Amino acid sequence: PLNKIKDALFKIRNGDKKKLEAKYPLEVQPLATEINDLLEHNEKIVERARTHVGNLAHVLKTPLAVITNEIDKENKLLGNQIVLMKNHIDRYLKKAHLESVGKNIKSKIAFLEFLNKMVIIFQKLYPDKEIELQREFKEFFIYGSLEDMEELIGNLIENACKWGREKVKISFERRGKNEMKILIEDDGPGLRQEQKNKVFARGFRVDEQTPGSGLGLNIVKDILEIYKGEIWLEKSSLLKGLKVNVVLPVSLI
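Heads up: the sequence shown is residues 13 to 265, going by the working numbering.
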């Protein structure tokens, strides 16, 4: 049986097979199952790395286009775009590297405290928008990467601020014992149904005239898949714009 596994692994290494497909004796089958699980895990890591490289290339298009158009104009704008480009490069290369070696720095994140800090940042970035955060809620925790949460929530709040006319509201709902629904609503134009079906695609932009890389919700969806979360979009009955519903696994302790 071990020689049979050895031969199959040789074929997998040469690209002729993707996994161990034969039936093995009872005492060897657990080993074959573990090998298949490992192969599947490695394939997912490689796929994520490829996705991040694709994201990186796509994210760089907009800053490079701006640099090309503004290179003879104000140096400050040029400098800001170069910094933005460098930050994108560093972030995605680091993320691709961590996933390629199977590592990710995870911690216990006090989510309301984290979200309050994010709101303060976006209030400074969008002083013309009122960002209301539901505060009468008991603290809850998420176990994960702070960088992932910053990217996830940052993209969603930025979209709401970018498209909202005057107001953005962030609230919460318990969903079962171990899940929390986070709702981000705005008073902007919202999305048509056909747009809601496309916004999670890489590079899709609602308005080509609005600055951005078109990767925000694609990145959000990727992160939520890693954390076994959910996201869906609907019309806000409260503010009449877009309502983003995000569900994440949480802990109260």
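Yeah, the Cβ is synthetic: ideal placement off N, Cα and C, and Gly gets one too.
For clarity, every value in this text was computed on a predicted model and none was experimentally measured.
Outcome for residue i when other beta-carbon atoms lying within 10 angstroms are tallied against a minimum of 16
i, result
"HIS64", "buried"
"VAL180", "buried"
"LYS120", "exposed"
"ASP160", "buried"
"ALA122", "exposed"
"LYS88", "exposed"
"ASN171", "buried"
"ASN67", "buried"
"LYS35", "exposed"
"LYS23", "exposed"
Beta-carbon proximity check, residue i vs residue j, cutoff 8 Å
i, j, result
"ASN167", "PRO261", "no"
"LEU254", "LEU203", "yes"
"ILE83", "ILE94", "no"
"LEU32", "ILE17", "yes"
"PHE134", "ILE101", "no"
"GLU151", "GLU185", "no"
"LYS141", "GLU178", "yes"
Closest by C-alpha distance to residue i, when choosing among the options
i, options, result
"LYS30", "VAL40, ASP19, SER157", "ASP19"
"SER183", "GLN41, LEU145, ILE133", "LEU145"
"TYR155", "GLN207, ASP199, LEU96, LEU236", "LEU236"
"ASP6", "ALA122, ARG186, GLY176", "Given a span of 13 to 265 for the chain in the structure shown, any question on residue 6 remains unanswerable."
"GLU162", "ILE231, THR45, ILE243, GLU46", "ILE231"
"SER249", "LEU195, LYS35, VAL71", "LEU195"
"ILE143", "GLU151, ILE132, VAL71, GLU125", "ILE132"
"LEU72", "GLU59, LYS98, VAL58", "LYS98"
"GLY241", "GLY200, ARG187, ARG25", "ARG187"
C-alpha gap between residue i and residue j, whole angstroms
i, j, result
"ASN257", "GLN205", "16 Å"
"THR222", "LEU21", "Because THR222 sits at a pLDDT of 48, beneath the cut-off of 50, its placement in the model cannot be relied upon, and the point is left open."
"LEU127", "GLY91", "29 Å"
"LYS193", "HIS53", "29 Å"
"LYS136", "PHE149", "24 Å"
"SER263", "ASP234", "22 Å"
"GLU55", "ASN48", "10 Å"
"LEU14", "LEU43", "10 Å"
"LYS247", "ARG147", "23 Å"
"GLY200", "ILE243", "19 Å"
"THR45", "GLU59", "21 Å"
8 Å Cβ shell around residue i - same chain, five flanking residues per side excluded
i, result
"VAL211", "LEU203, VAL218, LEU229, LEU245"
"LEU50", "none"
"PHE153", "LYS120, ILE121, ALA122, PHE123, VAL262, SER263, LEU264, ILE265"
Cβ-based neighbour list, residue i, same chain, cut-off 6 Å, excluding 5 preceding and 5 following
i, result
"ILE268", "Since the displayed the chain opens at 13 and closes at 265, residue 268 lies outside it and no answer follows."
"LEU96", "PRO75"
"GLN266", "No answer is possible for residue 266: the residues shown for the chain start at 13 and end at 265."
Other residues of its chain near residue i: CB distance less than 7 Å, five sequence neighbours each side excluded
i, result
"LYS6", "Given that the chain is displayed from residue 13 to residue 265, the structure contains no residue 6 and the question cannot be resolved."
"TYR239", "GLY156, LEU260, PRO261"
"ALA213", "ASN230"
"TYR138", "CYS173"
"ASP28", "none"
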